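Peer 1: Quick one: the structure is below, and I'll ask about it shortly.
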Amino acid sequence: MLIQEINSMPVDKLEKLEKLLKRIEGIIKKAPAELLGFITSLKEE
Numbered sequence: 025m026l027i028q029e030i031n032s033m034p035v036d037k038l039e040k041l042e043k044l045l046k047r048i049e050g051i052i053k054k055a056p057a058e059l060l061g062f063i064t065s066l067k068e069e
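For our numbering, add 24 to where a residue sits in the sequence shown, where the first one is 1.
Here is the structure:
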C-alpha cells in the first residue's frame with residue numbers, strides 16, 4: 025500500500041520527502057528534545 029503511494033508520487037514530492045527525512049535523521053542524532061519540538065512545529069503548520 026505505502027509502496028504504491030510512493031510510486032504514484034511526483035518526483036519533486038519524493039525529493040522534498042527525502043530532504044525532510046534527512047533533516048529529521050540529523051535532528052534525531054542531535055537531541056530527542058529537538059526532535060519533539062520539530063514534530064510539534066510540523067503539526068502546527
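For every residue, glycine included, the Cβ atom is placed at its ideal position computed from N, Cα and C. Since we're looking at a predicted model, the values are computed, not measured.
Measuring only the C-alpha atoms, how far is Gly50 from Ser65?
Peer 2: Taking the sequence shown and counting its residues from 1, the one referred to as residue 50 is at position 26. Taking the sequence shown and counting its residues from 1, the one referred to as residue 65 is at position 41. Going from the Cα of Gly50 to the Cα of Ser65 covers about 16 angstroms.
Peer 1: Report, in whole angstroms, the separation of the C-beta atoms of Leu38 and Ile30, which I expect to be a contact under 8 angstroms.
Peer 2: The residue given as residue 38 occupies position 14 in the sequence shown. The residue given as residue 30 occupies position 6 in the sequence shown. With a Cβ gap of about 7 angstroms, Leu38 and Ile30 count as contacting.
Peer 1: Just reading off the alpha helix (DSSP H) that Pro56 is part of, what are its end residues?
Peer 2: If you number the sequence shown from 1, residue 56 lands on position 32. Looking at the DSSP string, the run of the alpha helix (DSSP H) that includes Pro56 is Pro56 to Glu68.
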